[in-house]
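One structure is given here, and the rest of the page talks about it.
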Amino acid sequence: MFNSKKPVFLKNPHNYIKEEHIQLFNLSSVIFVPIVHDQQVFGWLTFDQLGEEFDYSMDELTLLEQVGKRLGLYLSRKDDEVSIGTDIQLTERESMILYLLAEGYNNKKMAELLQLSEHTVRDYVSSLMTKFKAKNRTQAVVYGFRLGLLK
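In my numbering, the protein residues as written are 72 to 222.
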């Protein structure tokens, strides 16, 4: 059932879903809508009526299918935006500093974690800001995410 790339309606899900889940979630009729893009399934949306049986129209199912496709497109684009091509190369230490910046650490804490002096950490942060042409630490982190150097 979950290999389907189209919405699936189960008027009576007892043959497909474990009884304990039916009881736990108070299921009767269920619609599963795949979130897909280019044959990749990202997940499923589940619709039910809190234990009450229901029917559907083909128009409703078609609309839900479009919702699943648009969500899939959105999720696939998100990954594409992260992998923007860039010529910026970071050293291993710069990558660590960028990650710690993104986590909100200050220079003193980064120096402790990496066993460096605060001045050395400051120099690495300055180097990152220069490479990204960032005006401040926050902007450096934003560029790190946009360029796919942070996830």
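Each residue gets a CB set at the ideal place from its N, CA and C atoms; glycine is no exception.
This one's a predicted model, so the numbers in the text were calculated from it and none came from an experiment.
Would you mind listing the alpha helix (DSSP H) stretches within the region 92 to 160 that are 4+ residues and don't spill past its ends, in chain order?
Counting whole runs of 4 or more residues, the region 92 to 160 contains the alpha helix (DSSP H) stretches 129 to 153.
Measuring only the C-alpha atoms, how far is Glu174 from Arg141?
Approximately 31 Å, taken between the alpha carbons.
Taking Cβ positions, are Val212 and Leu172 nearer each other than 8 Å?
Yes, these two residues count as a Cβ contact at 8 Å.
Have a look at the DSSP bridge pairing and note the partners of Leu81.
In the DSSP secondary-structure assignment, Leu81 is bridged to Val101.
Per-residue DSSP class, three states only, for Leu184
In this structure, Leu184 counts as helix in the three-state DSSP scheme.
With Val107 and Lys76 assumed to form a contact (beta carbons below 8 Å), what rounded beta-carbon distance in angstroms separates them?
Rounded to whole angstroms, the Cβ separation of Val107 and Lys76 is 5 Å, and the two are in contact under 8 Å.
Distance, Cα to Cα, Tyr176 vs Leu146?
If you take the alpha carbons of Tyr176 and Leu146, they lie about 29 Å apart.
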